[in-house]
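K.L.:
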Amino acid sequence: MRSILVYYMMKQLMFSQEKASSYYGFYTAFTYMTPFLGGIIADRWVGQRKAVILGALIMAAGEFMLMSQGLFIPALIVLIIGNGFFKPNISTQVGNLYSEGDHRRDRAFSIFYVGINLGSLFSPLVCGTLGEGYGWKWGFCAAGVGMLAGVIVQLFAQRHLAPDNIMKQAAKAKASEAPAKPAEPLTPEDWKKIGALVVLCVLNIVFWATYEQQGNTMALWADQNTNRMIFGWEMPASWYQAFNPLMIMIFTPVVLGFWRWQEKRKSEPSSIAKMALGCLLLGGSYLILLPSATGVAAGGKAGLFPLTFATLVLTLGELYLSPVGLSLVTKLAPPRMVSMLMGMWFLSSFFGNYLCGYLGTFWEKMPHHSFFILLAGLSCGAGLAMFALIKPLKRAIGHGHEEAVDV
51 MRSILVYYMM KQLMFSQEKA SSYYGFYTAF TYMTPFLGGI IADRWVGQRK AVILGALIMA
111 AGEFMLMSQG LFIPALIVLI IGNGFFKPNI STQVGNLYSE GDHRRDRAFS IFYVGINLGS
171 LFSPLVCGTL GEGYGWKWGF CAAGVGMLAG VIVQLFAQRH LAPDNIMKQA AKAKASEAPA
231 KPAEPLTPED WKKIGALVVL CVLNIVFWAT YEQQGNTMAL WADQNTNRMI FGWEMPASWY
291 QAFNPLMIMI FTPVVLGFWR WQEKRKSEPS SIAKMALGCL LLGGSYLILL PSATGVAAGG
351 KAGLFPLTFA TLVLTLGELY LSPVGLSLVT KLAPPRMVSM LMGMWFLSSF FGNYLCGYLG
411 TFWEKMPHHS FFILLAGLSC GAGLAMFALI KPLKRAIGHG HEEAVDV
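With my numbering as the guide, the letters of the sequence shown map in order to residues 51 to 457.
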């Protein structure tokens, strides 16, 4: 749905670019705020499995509501609520498959990430083509149908999932025929780990603010400033949103193989160092577009290759940060708080997406090359800050969780 959201607001609802950017940032930001509450509800009452099903059904309803132009704002609110139940708990279930200390967890999240992006690859092709070619409502309808298909897959695959925390607690209570004991207070070590996650969350805000420009200003760059002609055929602008997930699917095995190669030579970066490298790669991706921006300023159009290459570098940055961060949360979070802290991790995306919308308001107020320099500077600054904080953060986390080298 995101692949056509900005286009829908500007071409159907007739929003200005600045207003569309603000709404885009507002919507994407709040889809990352509600997971904190959804994580608490899952941890304490409903469990991760039920929360995922509930969230998916609510999101499907929101997609179908978008088919009616008059329900635009209520539909976005429904989607935000549904995502709150869905997002933290689907990620937590991946971590539940592995015992503490299992080194395969980082790579498992990378494989999980490929699964996510399989949908992200086909959705712009389906929703974008239907939306741009046959009517925006049919693009939103396709998104709703896709959500319902996901629910069916999840229901049939329940037997392959590990029990969630609520199920484990119920099993223990039944086995002992006694009420569950109250949770023990957090230890000082637990609080240090939570503090380290908070610091990383703050730095992640800048990463997501620049990364999420893909669906905002970069979507406009692809639509308005890029020559999309391929052998006489013009590629729909919404198809640009498929570049990143396609590259994730292609390059995840490459990145995992590279990490395994580094591991054998005892040179694999720590999780924090990987995340810092991810920020630097993201910043570099925007520098690639500077020559194209100069050409556009002179009255021309940018080529499709620079945009594709920039997206490739951006994707590598994402692979170094996002799945690694998800894995780190499940490693460090106390078991009874894992979904809540996963929701806290997504709070960095809440502030990042809100900042993404704010930054997008400068797209028409400053030259595009200056805008790209701004994004590059912000992202590289976050990466350098992570490198500077590696040693204190590793002391807080504990060496048992971070045995890899700093760089």
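Glycine included, C-beta positions come from ideal geometry on N, C-alpha and C.
#1: Looking at the unbroken alpha helix (DSSP H) that takes in Y370, where does it start and where does it end?
#2: The alpha helix (DSSP H) with C329 in it runs from where to where?
#3: List the whole-angstrom C-beta distance separating S335 from G367, where the pair is believed to meet the contact cut-off of C-beta under 8 Å.
#4: Compare the beta carbon distance of G169 and G196 with 8 Å and say whether it is the shorter of the two.
#5: Could you tell me the boundaries of the alpha helix (DSSP H) in which S398 lies?
#6: With a threshold of 6 Å on Cβ separation, who are the neighbours of E453 within its own chain once the five nearest residues in sequence on each side are excluded?
#7: Please state if the CB of S389 and the CB of F159 are separated by a distance shorter than 8 Å.
#8: When DSSP labels each residue in this structure, what does M279 get in the three-state scheme?
#9: Measuring only the C-alpha atoms, how far is L116 from E150?
#10: Taking M153 as part of the alpha helix (DSSP H), name the residues at either end of that continuous run.
#11: From A287, G433, L391, I255, pick the residue whose C-alpha is nearest to that of G407; which is it?
#12: Would you call the stretch 305 to 324 and the stretch 384 to 401 in contact, with 3 or more CB pairs under 8 Å?
#13: Sort N277, R315, P238, V379 by Cα distance to G349 and report the nearest one.
#14: Any contact of the stretch 129 to 142 with the stretch 170 to 179, i.e. 3+ C-beta pairs under 8 Å?
#15: Going by Cα to Cα distance, which pick from A92, V249, M394, A221 is closest to T81?
#16: Pull the bridge partners of E284 from the DSSP assignment, please.
#17: Span of the alpha helix (DSSP H) holding K187?
P.N.:
This is what the structure holds:
#1: 354 to 382
#2: 321 to 337
#3: 7 Å
#4: yes
#5: Here the alpha helix (DSSP H) through S398 covers 388 to 410.
#6: Low confidence applies to E453: its pLDDT is 49, below 50, so where it sits in the model is not reliable, and the reading given next is rough at best. Cβ contact annotation for E453 (same chain, cutoff 6 Å, sequence separation greater than five): none.
#7: no
#8: strand
#9: 42 Å
#10: A small fix is needed here, since residue 153 is His in this sequence, not Met. For H153, no alpha helix (DSSP H) segment is defined, and its DSSP state is neither H nor E.
#11: I255
#12: Segments in contact, no.
#13: N277
#14: No: fewer than three Cβ pairs fall under 8 Å.
#15: M394
#16: In the DSSP secondary-structure assignment, E284 is bridged to M279.
#17: Where K187 is concerned, the enclosing alpha helix (DSSP H) stretches over 186 to 206.
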